[in-house]
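There are 4 protein chains.
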Amino acid sequence: MAGNSFGQIFRITTFGESHGQGVGVVVDGCPPGIEITAEEIQKELDRRKPGQSKITTPRKEADLIHILSGVFEGQTTGTPIAMIAYNQEFESDDYLNLKDLYRPSHADFTYEAKYGIRDWRGSGRASARETLARVAAGVLAKKYLKQRVNTEFISYVEQVGNIKAKTDFEKATLEQVESNIIRCPDQKTAEKMIELVEKIRSEGDSIGGIIRGMIKNVPAGLGEPVFDKLHADLGKAMLSINAVKGFEIGSGFEGSKLRGSQHNDELYIQNGRVRTKTNHAGGVVGGISNGETIYFRVAFKPVSTIKKQQKTISRKKQAVILEAAGRHDACVLPRAVPIVDAMAALVIMDHYLKHKAQNL
Amino acid sequence: MAGNSFGQIFRITTFGESHGQGVGVVVDGCPPGIEITAEEIQKELDRRKPGQSKITTPRKEADLIHILSGVFEGQTTGTPIAMIAYNQEFESDDYLNLKDLYRPSHADFTYEAKYGIRDWRGSGRASARETLARVAAGVLAKKYLKQRVNTEFISYVEQVGNIKAKTDFEKATLEQVESNIIRCPDQKTAEKMIELVEKIRSEGDSIGGIIRGMIKNVPAGLGEPVFDKLHADLGKAMLSINAVKGFEIGSGFEGSKLRGSQHNDELYIQNGRVRTKTNHAGGVVGGISNGETIYFRVAFKPVSTIKKQQKTISRKKQAVILEAAGRHDACVLPRAVPIVDAMAALVIMDHYLKHKAQNL
Amino acid sequence: MAGNSFGQIFRITTFGESHGQGVGVVVDGCPPGIEITAEEIQKELDRRKPGQSKITTPRKEADLIHILSGVFEGQTTGTPIAMIAYNQEFESDDYLNLKDLYRPSHADFTYEAKYGIRDWRGSGRASARETLARVAAGVLAKKYLKQRVNTEFISYVEQVGNIKAKTDFEKATLEQVESNIIRCPDQKTAEKMIELVEKIRSEGDSIGGIIRGMIKNVPAGLGEPVFDKLHADLGKAMLSINAVKGFEIGSGFEGSKLRGSQHNDELYIQNGRVRTKTNHAGGVVGGISNGETIYFRVAFKPVSTIKKQQKTISRKKQAVILEAAGRHDACVLPRAVPIVDAMAALVIMDHYLKHKAQNL
Amino acid sequence: MAGNSFGQIFRITTFGESHGQGVGVVVDGCPPGIEITAEEIQKELDRRKPGQSKITTPRKEADLIHILSGVFEGQTTGTPIAMIAYNQEFESDDYLNLKDLYRPSHADFTYEAKYGIRDWRGSGRASARETLARVAAGVLAKKYLKQRVNTEFISYVEQVGNIKAKTDFEKATLEQVESNIIRCPDQKTAEKMIELVEKIRSEGDSIGGIIRGMIKNVPAGLGEPVFDKLHADLGKAMLSINAVKGFEIGSGFEGSKLRGSQHNDELYIQNGRVRTKTNHAGGVVGGISNGETIYFRVAFKPVSTIKKQQKTISRKKQAVILEAAGRHDACVLPRAVPIVDAMAALVIMDHYLKHKAQNL
């Protein structure tokens, strides 16, 4: 209800602030018998952690994950799985200058408008540090789905600023994505993107971009019309990630320019299986997966923390000048790729279990 | 859980198929004391009903709404409000040809893949006729919010195919929107859009487009991070509407090309109130409303029903030719405007009550 | 959230007041493919309906059920099943005397304290007439469970006032229960109970009693610790029925007097299956079914409507005398038996599907 | 969904096993601005902890609570409050003998029947150690309610075996309850109860009993008919506590023997406020609080762990003899009193916020 849980059968609840004791998650409803270790989860967290390359924030956070419950003798037990990454010690003074002002396009003002109080140390609960909890939970979902139905999640950075990859997305592989620090499978474009991010970084500015999400081998039949349509829940999942401002599935916004005769996906039979010749739908029809690859695009705005001087206001409603100093990411997209994968996995997992409950 | 409910405190559950007994809704959690009549609800339903103009489907459905419970002596009582529009009689034979095949880009195949059975009369539960139930419920939300905090919902058709309105959206009025049958406040563009839709219609084809949604006077503080962010729930709400393939808020996909120094919304004080000079955020920061106008865009694909011959397959997995005959909308956008308004109202209402529960 | 829904995967939402348009239910999450007819549902409703015998209220209500959606060609389709029993016309004047006062032990005052408004015609939403919607939904659950795992629900009236049946409950059959109008399988005691109810009735008074619920053939493994324990949800279900003031499972209150060495149920193997020699647990251990018969007891207070003069107060907070006139049940228990069965079935069904989602 | 969360607006999720890393809770939806310290929470936990007196288990667990998130500068911030008590180290060998058998009336068999796997160290997730998380969360609820509406929670041990207190419950005070180690306000009876427990303990046996719960100063209007009635949720809350087998509110089971004319609570006006002369209802009418004291009784079976030899079976379905050795409580009731208080507080809190959302 209060918004810190996601999913219904496979349900995660995250907690923690960027500069409190730690950030964690409780996963309730996880099927028993999944073999899992902290190391496996750590591996995925390392894709998200700061300081992993020259283009990410130089903050060094180990983000070391601890499993507190729900796993016994290397297997999930069906009971709640709590996990936490304790925060490292820091100097609270680093953030003292942020205590009494509202940074532009940060959630400082809105948290105070809502709650009347906020933890002003490093954005508190609004920090993207919270997303490590999602990534940790996502590993469980991915593992289960891979074993059960061979589902795979391959997201990548498709666009940074105006630079756009030319990859045929259906052919992108995880190896390609991981082969460069911007996480774009089109290597040439990746180089240009990295160059751009370094330039932007040197200018103390930030830049947005687009991540393409892809999910292969989703069984037909997932999705719960009329409100919990599969793509509606995917959209919500993506829009809940920090800095996301847009989501489209299949033909998306461009498809709205087409005619029905162009857009309709012709059905045919391939090896006894129902297929579509084109996939404008993006793998979801009427809110239910049809077995084709699900693909979607997620728009990230440029992050709000920049090193340039900005006009803003204080909590006392006075005009002030903000001189941002802290370390930040000039472009969050490479680190957001595993978050997109994780949220997609959480959605598919929950819908898989829902479908299993009512139908299988 | 099974997907036919929306909202948590102000919670609606819809039911009914396009050619069953009727389509209806139960609204649970509606505050008591709202004055409401069937006539008020009917008025909004009439904006959605078929046959309202030359560019909508000529099907004549009265869509007459009946209030079955929860309203006493003209006021809501706090108990569940059930409403229904009974379906008119029809010839089941009209749809017999659809019984044994899967139409392209319709939910015929996916419903069967999911449930193993489907009501094949006029798309059954997957029909957009279901959205009348949402519109009916939305009227209650709109009325409450208007009285409590003066919130207003003004959506309109911004684009049809490649034709795009030039309206400064913040200035659009409901009167302008309702002044033409395409529901575009830019009258000149509206004429072109109507012309295009008529052309497409005469060709037996369909066309997609974009609706811009706008919500004025939303109090700062609504939204439940980190998952039930206000724009994440708006996104889900819109994506749950038939034929929607994309959603963006504020600067959206275009904003992803910008730099932080361009995109950040400078804060200032206006008459003692915290305001932003620009509104790239679209009225939501960190998932919480900031008091600025909320605006977003919703992409609709062209409807799948067309009068052109199409290749497809039968339930028995044979290749067949579909000769579509039924009446349909060449462009659903004018009729979708009140649905967008309704879904937006349901989201704001639920979040308003949540905020009231925990904070006010 | 607002309390008119029950269950999570198999989720029902009821609506309607005793003297509005009708009383109904929407069942969401019902598995597809269940064969069902209005007649089957009616049959169970007839066990609950008023006027069925000389000891129930002489009000004649047909309670004719209509299926509005979710059933096609005789089968559930997986989409929401809406059902309604329209109310018969009545003279609103009959209740005018109740408009401005609060009846003792009725919910008149509390509904007004909560909502500020109430439908005063025949108790409005607080009327036990609402329970017909539960019974209708329960039929679907019972049918599915019977077919899937042979689960059976056999409840009966065990006590009326101080008269208590001597039946060995495990041996009670549905035929025995239905063989007399009080629904007690111990025929001799049944006669005494009927005699008592007739006496109470003739005095214009009412009497409470106890229903024993029994559920046979529940598979081991149902229940969701630590909060949604099977018996906790059964308890909530029973306590949500009008006039219920107590619930106990297995050894219940009496068992609290025992020692562990007396109360522990010894485990043994019977035909390869894990069994217990005694069943003090009542079929649920640690909140999870163990495969033994589930049994519980439900305490009903005497109904509040009596024909005796009572002191009470008006809405204007004046002392007044209430001269109750309307027809009523002197003892609701015979009519409550199918409600207990239905609520038990809804609980087992929801837990069966939950278990299926996470584990099977 | 999977059962480890309780409440909807004020929603807690507990995690942890008795011999894993620790036991904890995440509280989501807690209003901001509540002043709270770990010490305040610890104080209440100490009422529940083992080893607190000669009649409780001699196990020494510090149960030291740590607040991990959601509290900043001594106040709740509206974001999730995570709390944990880390487990002390232990010798896993202590429990090795339990690994391969199912103890009578323990959840060993049912957890395996459900999940196919169980953490066999000290009952794992089924251990009552989990309830410390509930008590911790309950402190927040109690503090908020006390400040807002002066609500008070006073539960006590009313019966142990056949020994029953004679206290007029409405007059019991927290001081009386805390004045002896059995937590019974009737001092003479308390002595007898203690004597009995010591005797039972010396015999290696256990004994059940009854806790009376009492809630004072609950505002009229709380409760969400028709399913989430206030007493239905209280009942579920109590039945979810380990070893509870029964719940009754107001006149309960005894009341079922009465006539309406005896049971009805006459309404009158006292100082302008609506009151009832008797309180057979137990403070809840039609599922909604009426402003009178809420009281209820909770039946606890004797704990299953005893030091007597017992016949049982192994995981391999062989008959075996169980020689229980571990330390245990001969009577859990004194330690369960704060759990009953906590669960009651969680229910009232959630309903208070729900009422606030829809009505206030």
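Chains as they are written, first to last, in the numbering used here: chain A, 1 to 360; chain B, 1 to 360; chain C, 1 to 360; chain D, 1 to 360. C-beta atoms are modelled at their ideal positions from N, C-alpha and C, and glycine is treated no differently. What you are looking at is a predicted structure, and each value in this text was computed from that prediction instead of being measured.
**Study point:** Residue nearest to Lys236(B) in terms of C-alpha spacing, selected from Leu174(A), Arg129(A), Ser304(A) and Asp228(A)
**Key:** Asp228(A)
Practice item. Please report how far the alpha carbon of Asn97(A) lies from the alpha carbon of Gly78(A), in whole angstroms. Key: 45 Å
Check your understanding: Of all Cβ atoms in chain D, is any one closer than 9 Å to the Cβ of Cys30(B)?
Key -> yes
Review point. Cα separation between Lys192(A) and Ile163(A)?
Key: 8 Å
Point to revise | Nearest candidate by alpha-carbon position, reference Ala281(C), set Ala243(D), Met83(D) and Thr76(D) | key: Check the Cα spacing between Ala281(C) and each of Ala243(D), Met83(D) and Thr76(D): the tightest is with Ala243(D).
Review point. Which residues, in order along the stretch 252 to 271 of chain A, keep a beta-carbon less than 8 Å from a beta-carbon of chain B?
Key: Gly252, Phe253, Gly255, Ser256, Lys257, Leu258, Arg259, Gly260, Ser261, Gln262, His263, Asn264, Asp265, Glu266, Leu267, Tyr268 and Ile269
Check your understanding: Are the C-beta atoms of Lys361(C) and some chain A residue less than 9 Å apart?
Key -> Outside the displayed range of chain C (1 to 360) lies residue 361(C), so it cannot be described from this structure.
**Study point:** Cutoff 7 Å; reference Ser304(B); Cβ partners in own chain excluding five residues on either side
**Key:** Arg103, Pro104, Ser105 and His106
Check your understanding: Does the stretch 11 to 25 of chain D touch the stretch 272 to 291 of chain D, meaning 3 or more C-beta pairs lie closer than 8 Å?
Key -> These segments do not touch.
Review point. What residues in the stretch 59 to 88 of chain D have a beta carbon less than 7 Å from any beta carbon of chain B?
Key: Gly78
Review point. Taking 9 Å as the CB-CB cut-off, is Asn359(A) touching chain C?
Key: yes
Review point. Which word fits Asn87(C), buried or exposed, when buried means at least 16 other C-beta atoms lie within 10 angstroms of its C-beta?
Key: So Asn87(C) ends up on the buried side.
Exercise for review: Grab the span of the alpha helix (DSSP H) containing Gly235(D) for me, first residue to last.
Suggested key: Leu230 to Leu239
Exercise for review: Taking Ser5(A) as the query, report the chain B residues whose CB atoms sit under 9 Å from its CB, ordered along the chain.
Suggested key: Phe227 and Asp228
Check your understanding: Do you know offhand how far Phe90(B)'s Cα is from Asn264(A)'s?
Key -> 27 Å
**Study point:** Every unbroken beta strand (DSSP E) within the stretch 147 to 213 of chain A, with a cutoff of 3 residues, ordered by chain
**Key:** Qualifying beta strand (DSSP E) stretches, in chain order: 156 to 160.
Practice item. For the stretch 312 to 355 of chain C, list the beta strand (DSSP E) runs that are entirely contained and at least 3 residues long, ordered along the chain. Key: Within the stretch 312 to 355 of chain C, the complete beta strand (DSSP E) runs of at least 3 residues are 319 to 323.
Point to revise | Contacts around Ser251(A), its chain only, beta-carbon distance under 6 Å, and the 5 residues preceding and following it disregarded | key: His280
Practice item. Determine which residues share a DSSP beta bridge with Lys430(C) and list them. Key: Nothing can be reported for residue 430(C), as the shown portion of chain C is limited to 1 through 360.
Exercise for review: Let me know the secondary structure DSSP gives Ala38(A) once reduced to three states.
Suggested key: helix
Exercise for review: Spatial neighbours of Pro219(D) within its chain, please: CB distance less than 6 Å, with the 5 preceding and 5 following residues excluded, ordered by chain position.
Suggested key: Result list for Pro219(D): Val149, in chain order.
Exercise for review: Could you tell me whether the stretch 254 to 269 of chain D touches the stretch 295 to 304 of chain C, where touching means 3 or more Cβ pairs closer than 8 Å?
Suggested key: For the pair of segments examined, the stretch 254 to 269 of chain D was found to touch the stretch 295 to 304 of chain C: the number of CB pairs separated by less than 8 Å reaches three.
Review point. For the alpha helix (DSSP H) that contains Ala62(B), what are its first and last residues?
Key: From DSSP, Ala62(B) is part of no alpha helix (DSSP H); its letter is neither H nor E.
Review point. Do Val71(C) and Leu333(C) have their C-beta atoms within less than 9 Å of each other?
Key: Inclusion of Val71(C) and Leu333(C) in the CB contact set at 9 Å is not warranted, their separation being larger than that value.
Check your understanding: Within the 9 Å Cβ cut-off, does Thr305(C) reach chain B?
Key -> no
Review point. Taking all protein chains shown into account, do 16 or more other C-beta atoms lie within 10 angstroms of the C-beta of Lys142(B), making it buried, or fewer, making it exposed?
Key: buried
Check your understanding: According to DSSP, what are the bridge partners of Glu248(B)?
Key -> Gly246(A) and Arg297(B)
**Study point:** Counted within 10 angstroms of its Cβ, other Cβ atoms place Arg183(D) as buried (16 or more) or exposed
**Key:** buried
Review point. Where does Arg129(A) sit, in a helix, a strand or coil, going by DSSP?
Key: helix
Exercise for review: Taking a Cβ distance cut-off of 8 Å, strictly less, list which residues of the stretch 345 to 357 of chain B are near chain D, in chain order.
Suggested key: Leu353, Lys354, Lys356 and Ala357
Review point. What does DSSP give as the partner residues of Thr276(B) in its beta bridges?
Key: Thr276(B) is bridged to Leu267(B).
Review point. Where Lys188(B) and Leu45(B) are concerned, what is the direct C-alpha to C-alpha distance, given to the nearest angstrom?
Key: 27 Å
Review point. What's the gap between the Cα of Asp186(C) and the Cα of Ala165(C)?
Key: 6 Å
Review point. For the candidate residues Ile34(B), Val25(B) and Ala342(B), whose alpha-carbon lies nearest to that of Gly74(B)?
Key: Ile34(B)
Review point. Do the stretch 338 to 352 of chain A and the stretch 120 to 138 of chain A meet, that is, are 3 or more Cβ pairs less than 8 Å apart?
Key: Touching, yes, given that three or more Cβ pairs across the two stretches are closer than 8 Å.
Review point. How would you label Arg118(C), buried or exposed, when you count the other beta carbons within 10 angstroms and need 16 or more for buried?
Key: buried
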